[in-house]
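In UniProt numbering, the protein residues as written are 1 to 144. Even for Gly, the Cβ is constructed at its ideal location relative to N, Cα and C. Scroll down for the structure; my scribbles are underneath it.
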């Protein structure tokens with residue numbers, strides 16, 4: 001049940017909804033009752049799947065851009081596209097960064113980044129982030 005909680009928290013953390021999988025992961029590590037590799041895998045997979053939802057939403061939302069109620073103007077879409085083209089698809093390595101990372105995965109969908117490229121880059125970035133969280137949590141555990 002604990003792994004499922006971590007998975008769900010990591011999944012929600014990757015969407016545009018607020019959540020904090022790092023806190024849950026750290027608590028589980030410091031408890032010392034769980035397999036570290038499985039904690040890392042669970043958090044990474046959950047978070048990447050949440051980003052995949054964002055990507056899909058991005059592919060769908062752009063079809064409504066000409067509607068009056070659409071919250072983003074064409075000028076803002078063009079500006080986002082220029083920035084995305086300037087920094088390239090590799091800006092998705094920053095998908096793990098709080099605040100900017102989740103919208104980046106939506107933008108990846110809007111501008112139709114190749115699916116496997118998106119998945120590869122986002123997985124590497126998020127997997128690396130959870131390795132850092134694990135390392136920090138293990139250091140914390142040794143201090144206690």
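- Separation of residue 35 and residue 24 (C-alpha to C-alpha, rounded to the nearest whole angstrom) is 14 Å.
- The C-beta separation of residue 58 from residue 11 comes to about 17 Å, leaving the pair out of contact by the 8 Å criterion.
- Sorting 41, 30, 107, 122 by C-alpha distance to the C-alpha of residue 78 places 107 at the top.
- For residue 83, the uninterrupted alpha helix (DSSP H) segment begins and ends at 74 to 87.
- For residue 134 against residue 16, the beta-carbon gap comes to about 25 Å, at or over 8 Å, which does not count as contact.
- Annotation note: the region 96 to 136 contains the following uninterrupted alpha helix (DSSP H) runs of length 4 or greater, listed N- to C-terminal: 101 to 110.
- Between residue 64 and residue 42, the CB-CB gap reaches or exceeds 7 Å.
- Secondary structure of residue 1 (DSSP, three-state): coil.
- Linking residue 131 to residue 28 through their CA atoms gives a straight-line distance of about 14 Å.
- In this model, residue 32 and residue 97 are separated by some 27 Å (Cα to Cα).
- In this structure, residue 122 sits near residue 48, with a CB-CB distance shorter than 7 Å.
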